[in-house]
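Numbered continuously in full-length UniProt numbering, the sequence shown closes out at residue 127.
Even glycine gets a Cβ: it sits at the ideal position worked out from N, Cα and C.
Accompanying notes for the structure given below.
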Amino acid sequence: MASSSTRKYETRKRDPNSKIAALLVIDMQNHFSSMAKPILNNVLTTIDICRRASVPVFFTRHNHKSPTDHGMLGEWCNGDVILDGTTDSEIIQEIQGQVTKPDEMVEKTTYSHLTTPASRKTWKRSE
């Protein structure tokens, strides 16, 4: 019997514990809009479900303040980094209205929000 072509995308089913769970909406920015468009409705639905279940929702926005603050990321991307204040750095219009409090948006300059000082602040806030 041939294995499913979608097997690598299958996940275990779990009911999240709304007392300790949080939803992270990562980098839904204009720079990534072509990749985000196919999943946008699912993201909006997931945000709505989490809000109704009182699950905190946090958003990340990747950007750099200047062309020189990108470190190794600039080398990996051949200097094509997302600069703060540009259209590319803005959150996709459909997602913008979902950010209801300023502290739900976490700015980052690395691939992973999970290793930044801001992430520690986020987790402490939700404990």
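Checking 9 Å against the spacing of the C-beta atoms, do residue i and residue j come in under that value?
{"i": "residue 216", "j": "F59", "result": "Residue 216 cannot be examined here, being either before or after the span of the chain that is shown, 1 to 127."}
{"i": "L40", "j": "I92", "result": "yes"}
Hey, quick one: how far does the alpha helix (DSSP H) through residue i stretch, first residue to last?
{"i": "I95", "result": "93-96"}
Measure the C-alpha to C-alpha separation of residue i and residue j and round it to an integer number of angstroms.
{"i": "D15", "j": "V43", "result": "18 Å"}
{"i": "D48", "j": "S66", "result": "35 Å"}
{"i": "M1", "j": "F32", "result": "Residue placement at M1 is poorly supported in this model, since its pLDDT is 47, which falls under 50; the coordinates still yield a value, given next. Roughly 38 Å separates the two Cα atoms."}
{"i": "K101", "j": "K13", "result": "30 Å"}
{"i": "E107", "j": "C50", "result": "21 Å"}
{"i": "I20", "j": "R52", "result": "15 Å"}
{"i": "H62", "j": "I26", "result": "9 Å"}
Am I right that residue i and residue j are in contact with their C-beta atoms under 8 Å? What's the rounded C-beta distance?
{"i": "V57", "j": "E104", "result": "6 Å"}
{"i": "H64", "j": "D80", "result": "That pair is no contact at about 11 Å."}
{"i": "S54", "j": "S18", "result": "6 Å"}
Along the chain, where does the beta strand (DSSP E) that runs through residue i open and close?
{"i": "R14", "result": "Note, R14: premise wrong, no beta strand (DSSP E); not H, not E."}
Using a Cβ-Cβ cutoff of less than 8 Å, which residues in the same chain neighbour residue i once the five nearest sequence positions on both sides are dropped?
{"i": "T87", "result": "N30"}
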